[in-house]
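So the sequence shown is numbered by the working numbering: it starts at 114 and just counts up by one.
Everything below concerns the one structure shown next.
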Amino acid sequence: MDRQQTDVLILGSGGAGLFAALHAKDLAPELKVTVAVKGLLGKTGCTRMVQGGYNVALAPGDSAERHFMDTVEGGKWLNNQDLAWTLVTEAQVRIRELENELG
């Protein structure tokens, strides 16, 4: 087994893992960032399997308010509504950021 030295270890190469690696490198370029995967880089992870199916209000006629209501109704009103609101409002920003950074 080979041993590697790293400053930041990220497990997984899905959207979250790759996004975390990009942000870590942007915040501290001097650090060594390592992404560990159990399969082939870019060929594993849940993000690859969604085939563009994100739940985010981007289409005309869609809104954060409608997404919020879908989210809390789908959760039978058990969701933490403050967190649900953060999710639906941040999702728009983060998906655009992912599209611009990761393609």
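Glycine included, every Cβ here is placed at the ideal spot set by N, Cα and C.
Please read these numbers as outputs of a predicted model, since none were measured by experiment.
The shortest CA-to-CA distance from ARG209 to any of GLY174, TYR167 and PHE181 is the one to TYR167. For ILE123, the beta-bridge partners assigned by DSSP are VAL148. Rounded to whole angstroms, the separation of the alpha carbons of ALA170 and SER176 is 5 Å.
Take the alpha-carbon of ALA133 and the one of LYS156: they are about 18 Å apart. The criterion of a C-beta distance shorter than 8 Å is satisfied by VAL185 and GLN194.
In the three-state reduction of the DSSP assignment, ASP195 falls in the helix class, which pools H, G and I.
HIS136 is classed as exposed because its beta carbon has fewer than 16 other beta carbons within 10 Å across all chains shown.
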